[in-house]
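Numbering-wise, this note's numbering comes out as the position in the sequence shown, counting from 1, plus 1.
Yeah, the Cβ is synthetic: ideal placement off N, Cα and C, and Gly gets one too.
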Amino acid sequence: MPPLRQSLKKSSFWCVILFALVVGAAVDARRVPSNQIGGKSYVRLVRLYQTTCSPHLTNHVRCRYVPTCSEYSIQVVREFGLLKGLRMTVSRILRCRESVPLGTHDPPPFARPLTKDRGQVHLGSRVAS
């Protein structure tokens with residue numbers, strides 16, 4: 002058996018690979034969201050889903066929210082990074098129930114409309130004066 006194939010069968014080889022991936026993901030998660038390799042890869046995968054799978058599911062599954070959950074996920078991952086963006090995406094999906102009317106407006110927190118409150122202008126969770 003070739004040496005490469007032998008090393009692929011050892012659990013220590015896969016532990017080293019797994020450790021390197023975890024360290025790489027941890028380093029990537031500390032980057033600014035616009036520079037995260039994981040975030041950019043995730044956005045590409047979701048876009049692929051939107052163009053290939055989603056059109057075939059429209060007769061069976063419809064997102065109750067506007068923007069759709071996949072678009073919401075892309076927006077929050079781009080704004081907050083992969084880890085926080087995925088937490089927000091999962092939270093939104095868990096809020097989805099049959100009791101939620103189709104077309105319910107639920108934008109990402111940073112995209113909420115401007116409102117005035119005591120002389121300050123709020124944009125989602127951000128405050129601007």
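Euclidean distance between Cα positions of glycine 40 and leucine 58: 25 Å
May I ask you to report which of helix, strand or coil DSSP gives histidine 57? helix
Helix, strand or coil for threonine 69? Go by DSSP, reduced to three states. coil
Among the candidates Val77, Ala27, Leu84, whose CA atom is the shortest distance from the CA of proline 68? Val77
Determine the extent of the alpha helix (DSSP H) in which lysine 85 is found, giving its start and end residues. 83-96
Spatial neighbours of cysteine 70 within its chain, please: CB distance less than 8 Å, with the 5 preceding and 5 following residues excluded, ordered by chain position. Cys64, Thr90, Arg93, Ile94, Cys97
Take arginine 48 and list the residues in its own chain whose beta-carbon comes closer than 8 Å to its own, dropping the five residues that flank it on each side. Ile75
May I ask which residues mark the beginning and end of the alpha helix (DSSP H) holding valine 23? 12-30
Straight-line CA distance for serine 55 to valine 23? 30 Å
Check the DSSP bridge columns for threonine 105 and list the partner residues they point to. Tyr66
Can you give me the C-alpha to C-alpha distance between threonine 105 and leucine 83, rounded to a whole angstrom? 25 Å
State the Cα-Cα distance for the pair proline 4 and valine 17, rounded to the nearest angstrom. 17 Å
Compare the beta carbon distance of proline 109 and tyrosine 66 with 8 Å and say whether it is the shorter of the two. no
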